[in-house]
Ligand code: PRP
């Protein structure tokens with residue numbers, strides 16, 4: 001009997017798509033996955049334990065080895081720079097990171113401020129562009145910042161573009177396309193290699209459109 005694999009799942013918008021992908025790969029996940037407040041869900045028949053975490057925290061759980069595997073957005077991976085393996089592009093939750101602000105914004109030399117949930121990633125981007133900016137870290141509703149004068153520009157996820165549009169903001173530059181990734185703790189990959197490889201195989205079959 002193989003050991004239990006612990007999988008860190010991101011709560012929120014990626015969750016549903018990740019559950020759907022696992023089900024397509026043949027994992028029998030109970031109804032609890034569709035409507036529950038539980039933070040730990042054991043699926044004994046699959047030998048899996050799921051922990052439901054904030055998306056930004058998934059790589060932390062995996063790096064510390066309390067989860068063997070996790071599902072994390074590329075945005076979070078770039079921001080967090082954790083010591084984990086990225087083993088598979090799950091090609092779900094497609095979106096991109098962009099710089100946005102109020103229409104007609106003109107770059108200013110004195111004290112330009114940028115608000116973001118991704119301060120490291122954004123700071124690196126502006127550095128590469130040769131622009132010095134002051135970063136303001138926010139945890140959500142980033143689009144508020146230019147509207148109320150907290151920052152001139154934002155770096156945030158754009159999915160459908162509705163949030164920008166409905167708040168009268170426009171995109172200035174695209175930074176990087178984003179999808180969710182399967183990540184693995186390096187020690188777990190050595191200790192539970194067969195189980196992990198099997199999961200990667202089953203999921204890649206679905207990602208590439210081949211039945212598991
Ligand atoms: C994300 C992101 C944007 C929005 C983009 O926020 O930060 O605000 O989604 O999606 P759209 O292009 O389809 O409108 P999320 O809903 O995850 O919540 P947050 O504001 O708390 O980060």
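Residue numbers (the UniProt record's numbering): 1 to 212. Yeah, the Cβ is synthetic: ideal placement off N, Cα and C, and Gly gets one too.
In the three-state DSSP reduction, residue 67 falls in the coil class, being neither helix nor strand. Around the beta carbon of residue 159, fewer than 16 other beta carbons lie within 10 angstroms, which makes this residue exposed. Residue 74 places its beta carbon less than 7 Å from that of residue 181. The alpha-carbon separation between residue 209 and residue 149 amounts to approximately 46 Å. Positions of the alpha helix (DSSP H) runs, each at least 4 residues long and wholly inside the UniProt domain "ATP phosphoribosyltransferase catalytic" (54-204), are given as 58-63, 74-80, 119-128, 144-147, 162-166, 186-191 in order along the chain. Setting aside the 5 residues that flank it on each side, residue 96 is surrounded in the same chain by 157, 158, 174, 175, 176, 177, 178, each with a C-beta closer than 8 Å to its C-beta; the list follows chain order.
Taking residue 98 as reference, the option from 77, 170, 205 with the minimal CA-CA separation is 170.
Nearest C-alpha to residue 40 among 111, 52, 34: 52. For residue 4, there is no enclosing beta strand (DSSP E), as DSSP gives it neither H nor E. Around the beta carbon of residue 199, a 10 Å sphere encloses 16 or more other beta carbons of the protein chains shown; the residue is thus reported as buried. Sorting 151, 69, 132, 137 by C-alpha distance to the C-alpha of residue 192 places 69 at the top. With contacts defined as CB atoms closer than 7 Å, residue 113 and residue 134 qualify as a contacting pair. Note that the region 43-59 touches the region 2-18; at least 3 beta-carbon pairs, one per stretch, sit closer than 8 Å.
Put simply, the region 75-90 touches the region 58-65. At least three CB pairs are less than 8 Å apart. Assignment of residue 52 by DSSP, reduced to helix, strand and coil, places it in the strand class.
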